[in-house]
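Asker: With this note's numbering, the residue at position 684 of the sequence shown is 752, and numbering never jumps.
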Amino acid sequence: PACSSSSAKTAAFSGTYREMAQRKNSKSHSRKEGKTSPVDNKNGKTTEGGARGGPKYSMFTWIVVVALLGVWSSMAVVYFNIVDYDSVIGKLAAYDTDGDGDFDVDDAKALLGLRVGWAPEGRGSPGETTEPNQQAAEKPNHRPGHASRSGTPASVPGSQDVESEIQAAVPLPLPVEDHFIPDDPGDSQHPYEEEANAIDTTGVLVEELKPDHNVVEPDRYLTSSKLTQEAEAEEQPEPENKVKPTEIPPDGAAEKRVEEQKEKVKKKKPKFLNKFDVTIKAELDAAEKLRKKGKLEEALKAFESLVQQFPQSPRARYGKAQAEDDVAEKQRSNDMLHRAVSTYGEVAELPDVTFDLLRAALKRRAERQQFLGRMRGSLATLQKLVQIFPDDVSLRNDLGVAHLLLGDNKGAKKVYEEVLAVAPDNGFAKVHYGFILKAENQIAESIPYLREGLESGEPGTDDGRFYFHLGDALQRVGDDSAYHWYERGHKQGHFASVWQRSLYNVDGLKAQPWWTPKETGYIDLVKMLEKNWKTIRDEALAVMDQDRGRFIPEEENLREKGDWGQYTLWQQGRKAGGACQGVPKTCSLMERFPEAIGCKRGQIKFSVMQPGTHVWPHTGPTNCRLRMHLGLVVPPGCRIRCTNQTREWNEGKVLIFDDSFEHEVWQEADRYRLIFIVDVWHPELTQYQRQTLSPI
């Protein structure tokens, strides 16, 4: 590209020169007609500059020749790498103003007293580059809560679902493209999935911190850790508002602004090099250059060699950890990632490590520990960070999330109370604190924290779960502004519509609240259920009479009042223990329908509801299923609303609806209501999607 650019410039220059020469010749010709013959000087040359009888060369010609020689010499220097620019640039460290050990554009601007970040006239602000997270088949409709956090996929057996699920209440880190398997399943289990007072109230896999990976694309392997580390290592200044040329600051204001800008430039770029590392900056840069070019194995060897040569170099050790991190992601190696976690920890133990490097190393260590499922280790690392940087509110917020991921709601609540005591307007702390209050059933108290946190617009607050739970809390206190927040969440892209508020969705599926058997394509299943409804009913009644303990009370805080239980046969595409022993005929009938028993995002269960029960408006977690209700015992006074349509059950008949839409239930009869619930895959899902979607 350099050669082609130089050639273009040379061609353009030559064309211009030819035009100038033509104009010069025409003018000279007109002048010659009026001149006498040139007079010879003592050297035998004419006064026009040419030898007698030979070609004539003007001074301008020689200037052009010299210029062209200079251009081609420059091209040769660049093309043949005659000069080692890295070594030359490295000698400018003496002019370093921001303490990062080199001389760059930021240093030059600081030395010249220039402002940084104004957008040039007529241009927009530079856009932010984000890591691609969209999956081929599914994406959760919530946005990142923290930049550069990794997820921990885990399966929690035995999580109970009720007639419909409400969204996950746990504020989770941002989904990223990580595919390792947690190495410590025991540590990654979340107690709050099984406890009524914990923050997750849905049965959704709360450690599924990323979109479901339906198609793994190899060309995405090298994205997340590298982008994360480079973003931490080099933060670019945010564009500031333009200053109108006509505005003249008062006396002294310009100098003050320059000084403020110098300080701002210094703060923007972290200082990763101590005094010793500055002396080996060329070697560090060479290794880092390999890493940034994607030559990860070579970069790792280079950093390992530097660590052997300079064992007390924090930057070399940090580079080794980053290279191990990247290689682990490329190779999908937990062992290599363990090495990276260990090396990040070693950085913090070295003497003379800069505070910026210490913070970056420990923060990344906590993230990777969390990804590996080592939640307690991640918590310990974050606690150490908070001890070192007690005034860093963002680290305290991360610590609160770590407590939540361990199911330690009390610990998280204490952390966010401490944050709000010193930073009462911190939006991130507010939404999380509001979440915890809502999980404790302090509905009214949670509303202002959730609302003010969302209104702050701070990073980590624009999440579908916050909109969901604020709206849910407002509905429960009878405040119609709930739908304003649902609408706002829809406009932000978190909800498919105001009515359809599920978060774990596959795009493009047909969406309607009520379905007919013909529309689903599952006519045979519906016919079987309606034909055998009495057999199914009798088995359920026998269980109610003999072993009522099989019906587990609803523990997800969906009821305003009343009594509601369930008896689950299948969940997440698997039989629920020995449940089928109590209803063998029913299970035998269901075995023939893979669209139901193989639905990993649904359940098959009996639901019994006692008189006087009211279930709050709520939505299920995913649009990947449809829900069938077979009426078994339906006294008058029982009804269900889905969106703005209300219907009643009939004994022996099947109702079909999409529970990702808002629905509500009333039981105002004089005796219990019993129905059989069968979840089926959404008919538009492909077989591949059904096989690869993760369970809920």
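Heads up, the beta-carbon is just placed ideally off N, CA and C, and yes, glycines get one too.
From a predicted model like this one, the values you see are computed outputs, not experimental measurements.
Is any heavy atom in the ligand ZN found nearer than 8 Å to the beta carbon of C648?
Answerer: As for the ligand ZN, it is missing from this structure, which has no ligand bound.
Asker: Can you check which of these residues, E526, K369, S524, I504, is closest to A541 by C-alpha distance?
Answerer: As a working note, residue 541 is residue 473 in the sequence shown. Of the candidates E526, K369, S524, I504, the one whose C-alpha sits nearest the C-alpha of A541 is I504.
Asker: Around the C-beta of S514, are 16 or more other C-beta atoms found within 10 angstroms, so that it is buried, or is it exposed?
Answerer: Translated into the one-based positions of the sequence shown, residue 514 becomes position 446. Classification for S514: buried.
Asker: Quick check: what's the CA-CA separation for V333 versus P685?
Answerer: Locating residue 333 in the sequence shown gives position 265, counting from the first residue. Locating residue 685 in the sequence shown gives position 617, counting from the first residue. Since pLDDT at V333 reaches only 49, below the 50 mark, its modelled position is unreliable, and no value is offered.
Asker: Does the stretch 649 to 660 come close enough to the stretch 597 to 616 to have 3 or more Cβ pairs within less than 8 Å?
Answerer: yes
Asker: Looking at C-alpha atoms only, which residue of E435, P458, P621, E508 is the closest neighbour of D476?
Answerer: Numbered from its first residue, the sequence shown carries residue 476 at position 408. When E435, P458, P621, E508 are compared, the shortest CA-CA separation from D476 is found for E508.
Asker: Kindly list the residues whose CB is nearer than 7 Å to the CB of P704, restricted to its own chain and excluding five residues on each side of it in sequence; keep chain order.
Answerer: Looking up residue 704 in the sequence shown gives position 636. Only A737 meet the Cβ criterion.
Asker: So, using beta-carbon positions, are G650 and Y635 closer together than 9 Å?
Answerer: Translated into the one-based positions of the sequence shown, residue 650 becomes position 582. Translated into the one-based positions of the sequence shown, residue 635 becomes position 567. In this structure, G650 sits near Y635, with a CB-CB distance shorter than 9 Å.
Asker: Grouping DSSP H, G and I as helix and E and B as strand, with all else coil, what is R778?
Answerer: The first residue shown for the chain is 69 and the last is 764, placing residue 778 beyond what the model contains.
Asker: Have a look at F729, V746, P338 and flag the residue whose alpha-carbon is nearest the alpha-carbon of S570.
Answerer: Counting from 1 along the sequence shown, the entry for residue 570 is found at position 502. S570 has its Cα closest to that of F729, out of F729, V746, P338.
Asker: Nearest-angstrom Cα distance between D19 and K498?
Answerer: Within the shown structure, residues of the chain are numbered from 69 to 764, placing residue 19 beyond reach of any answer.
Asker: Could you tell me which residues DSSP puts in a beta bridge with I708?
Answerer: Here residue 708 corresponds to residue number 640 of the sequence shown, with the count starting at 1. Answer is R715, V733, bridged to I708.
Asker: Have a look at F457, M677, C710 and flag the residue whose alpha-carbon is nearest the alpha-carbon of R627.
Answerer: Taking the sequence shown and counting its residues from 1, the one referred to as residue 627 is at position 559. Cα-wise, what sits closest to R627 is M677.
Asker: Measure the CB-CB distance between S373 and I348 and report whether it falls below 9 Å.
Answerer: On the sequence shown, residue 373 is found 305 positions in, with the first residue counted as 1. On the sequence shown, residue 348 is found 280 positions in, with the first residue counted as 1. In this structure, I348 does not lie closer than 9 Å to S373 by Cβ.
Asker: With DSSP as the reference, please indicate the residues paired to H697 in a beta bridge.
Answerer: Along the sequence shown, read from residue 1 onward, the residue named residue 697 stands at position 629. H697 is bridged to L723, I745.
Asker: Which whole-angstrom value is the C-beta distance of V415 and L425, which I expect to be below 8 Å?
Answerer: Within the sequence shown, the letter at position 347 stands for residue 415. Within the sequence shown, the letter at position 357 stands for residue 425. Indeed they touch by this definition, with Cβ atoms about 7 Å apart.
Asker: Counting only the same chain and skipping the five closest in sequence on each side, list residues whose C-beta sits under 6 Å from that of V733.
Answerer: What you label residue 733 is simply residue 665 of the sequence shown in a count that begins at 1. Same-chain partners within the cutoff: V683, I708.
Asker: Anyone know if the C-beta pair for A370 and Q390 falls short of 9 Å?
Answerer: One-based indexing of the sequence shown puts residue 370 at position 302. One-based indexing of the sequence shown puts residue 390 at position 322. For A370 and Q390, no; Cβs fall outside 9 Å.
Asker: By Cβ distance, which residues of its chain are closer than 7 Å to N718, with the 5 residues on each side in sequence left out?
Answerer: As a working mapping, residue 718 is identified with position 650 in the sequence shown. Taken in chain order, the residues that qualify are G699, V702.
Asker: Grouping DSSP H, G and I as helix and E and B as strand, with all else coil, what is L637?
Answerer: To locate residue 637, count along the sequence shown from 1; it is residue 569. Strand, per DSSP.
Asker: What is the residue span of the alpha helix (DSSP H) that Q377 lies within?
Answerer: As a working mapping, residue 377 is identified with position 309 in the sequence shown. From DSSP, the alpha helix (DSSP H) with Q377 extends over 364 to 377.
Asker: Can you tell me the Cα-Cα spacing of E392 and R442, whole angstroms?
Answerer: Numbered from 1 along the sequence shown, position 324 holds the residue referred to as residue 392. Numbered from 1 along the sequence shown, position 374 holds the residue referred to as residue 442. Answer to the nearest angstrom: the Cα atoms are 18 Å apart.
Asker: Residues in the same chain with beta-carbon distance under 8 Å from G525, minus the five sequence neighbours each way, listed in chain order, please.
Answerer: Taking the sequence shown and counting its residues from 1, one reaches residue 525 at position 457. So the list reads G495, once near-sequence residues are dropped.
Asker: Identify whether P689 lies in helix, strand or coil by the three-state DSSP scheme.
Answerer: By one-based count along the sequence shown, residue 689 stands at place 621. In the structure shown, P689 sits in coil (DSSP, three-state: anything other than H, G, I, E or B).
Asker: How would you label N465, buried or exposed, when you count the other beta carbons within 10 angstroms and need 16 or more for buried?
Answerer: Reading the sequence shown from its first residue, position 397 is the one you call residue 465. The residue is buried, with at least 16 neighbouring Cβ atoms inside 10 Å.
Asker: Using a threshold of 9 Å, state whether the C-beta atoms of P751 and G576 are closer than that.
Answerer: Here residue 751 corresponds to residue number 683 of the sequence shown, with the count starting at 1. Here residue 576 corresponds to residue number 508 of the sequence shown, with the count starting at 1. Cβ distance not < 9 Å, so P751 and G576 don't count as in contact.
Asker: Under 8 Å by Cβ, that's how I've got A470 and L450 pegged, so tell me the actual separation to the nearest angstrom.
Answerer: For this step, residue 470 is matched to residue 402 along the sequence shown. For this step, residue 450 is matched to residue 382 along the sequence shown. Correct: roughly 5 Å between the Cβ atoms.
Asker: Could you compute how far the alpha carbon of Q755 sits from the alpha carbon of G468?
Answerer: Walking along the sequence shown from the start, residue 755 turns up at place 687. Walking along the sequence shown from the start, residue 468 turns up at place 400. Between Q755 and G468, the C-alpha separation is close to 40 Å.
Asker: Run through DSSP, which three-state label would V545 get?
Answerer: Taking the first residue of the sequence shown as 1, we reach residue 545 at position 477. In the structure shown, V545 adopts coil according to DSSP, grouped into three states.
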